[in-house]
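Residue numbering for the sequence shown follows our numbering, starting at 159 and increasing by one per position.
Since the structure comes first, as structure tokens, the remarks are kept for the end.
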Amino acid sequence: MLTSDLLRYKINDKYITPRYLTRKHASYYLQIARDLISIFQEHVGKTRGELEAALDTFEGGRVGYKIVRGLAKILEGFAEFAPNYEYDYTEIRLRLFEFAESYRPIVRQPDLVHQITRESVLEKFEKEVSPLPENLYGDLPESQILVRMNRVPQPEELLRRYNLALAQGLLYRCYRMEIKIWDSYKTVFHYLKLAQLMHKIYQEGE
């Protein structure tokens, strides 16, 4: 689902309309979709931070940056991220902070008075905790690993899902809506009852 800042729409009087990706510029959008899919595939085994940096570079100064971010957001739904379970990062950080207490004050640049630096404390700590992970915050979102793409969508499917997400994003934020039904009205009534939505039904022209 797209977040509010990624929704694209236009307002005309009392109507709000999603700005769908249309067939008019299909070839352009399909190429963007292909490129984004390739970026995700190339970053399997790398961190979310590395993936986001690559996406930022790809986005560059594009006028349609919301489209790029939106398509990337949809692609995230196909991706599986996970921390490196080899380490208990919370436990390691807690032990490090407790270990460092006895060396305070700790400075970045040593001088005649203060000679204990973060690097020297880490070296001492590493002798007690081995192996020490390269990143002590490897459990944070930006450090999580893109483990796999559970499924790789075709570019056409990605565009369809993007358009669907635009409509969903607006509908989820509605407090009232009017719809016109020409057929399949039984299906609509079924879901109205299923979701227990308050509704009023009338023939057009009443």
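Beta carbons are placed, not taken as given, at the ideal position from N, Cα and C, and that holds for glycine.
Original post:
I think R309 touches F236, with their Cβ atoms under 8 Å apart; what is that distance to the nearest whole Å?
Top reply: 5 Å
**OP:** Mind listing, in chain order, the continuous alpha helix (DSSP H) runs of no fewer than 4 residues lying wholly within the stretch 232-280?
**Re:** 247-259
Subject >> Alpha-carbon to alpha-carbon, L324 and P176 >> reply: One Cα belongs to P176, the other to L324, and the distance between them is close to 6 Å.
**OP:** Please name the residue, chosen from S196, H357, K344, L280, that lies closest to I250 on a Cα-to-Cα basis.
**Re:** L280
Original post:
Grouping DSSP H, G and I as helix and E and B as strand, with all else coil, what is N308?
Top reply: coil
**OP:** Pick helix, strand or coil for T175, following the three-state DSSP scheme.
**Re:** Of the three classes helix, strand and coil, the one that applies to T175 here is strand, per DSSP.
**OP:** Could you tell me whether the stretch 256-273 touches the stretch 311-330, using the rule of 3 or more Cβ pairs below 8 Å?
**Re:** no
Original post:
Excluding five sequence neighbours on each side, which residues of the same chain lie with their C-beta closer than 6 Å to the C-beta of F257?
Top reply: Correct list, in chain order: F283.
**OP:** List the DSSP bridge partners of K439.
**Re:** One cannot answer for residue 439 here, as it falls past the ends of the chain, which runs 159 to 364.
Original post:
Looking at Q302 and P263, is the spacing between their C-beta atoms short of 8 Å?
Top reply: No. Outside cutoff.
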